[in-house]
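According to full-length UniProt numbering, the stretch in the sequence shown is residues 1 to 79, in order. C-beta: ideal position from N, C-alpha, C; glycine also. For reference, the structure discussed in these notes is given below.
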Amino acid sequence: MKRVKYSNLKFWMNKVQNDNIKVTISMKEGRDLVLLPLEEYNSLKETIYLLSGKNREVLLKSIDELETGRFVRNSYNNL
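Structure, rendered in structure tokens:
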């Protein structure tokens with residue numbers, strides 16, 4: 001990930017949008033920021049949601065059932 005200073009922020013905002021890259025913005029106080037495309041941010045949020053709490057349990061159970069052959073095969077017409 002590219003590390004940049006916030007003084008050139010407009011340039012890097014356009015670069016992130018046009019080139020689909022991620023940029024770390026260095027701040028004087030040491031509290032750096034990350035600039036990334038909105039689509040990637042939304043994808044990360046969805047992944048976190050799917051891998052947390054009850055969703056994680058259901059997903060892991062489904063994977064286990066698939067790997068151990070404990071599932072029922074169904075066609076689209078039977079749904």
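- With three or more CB-CB distances shorter than 8 Å, the region 31 to 45 counts as touching the region 8 to 23.
- Residue 2 has 23 as its beta-bridge partners, per DSSP.
- Residue environment: residue 16 is assigned as buried (16 or more neighbouring CB atoms within 10 Å of its CB, all protein chains considered).
- Only residues of its own chain outside the window of five on either side were considered, and among them none has a CB closer than 8 Å to the CB of residue 30.
- The Cβ-Cβ distance between residue 56 and residue 26 does not fall below 7 Å.
- Within the same chain, Cβ atoms closer than 7 Å to the Cβ of residue 49 are found at 55, the five residues on either side in sequence being excluded.
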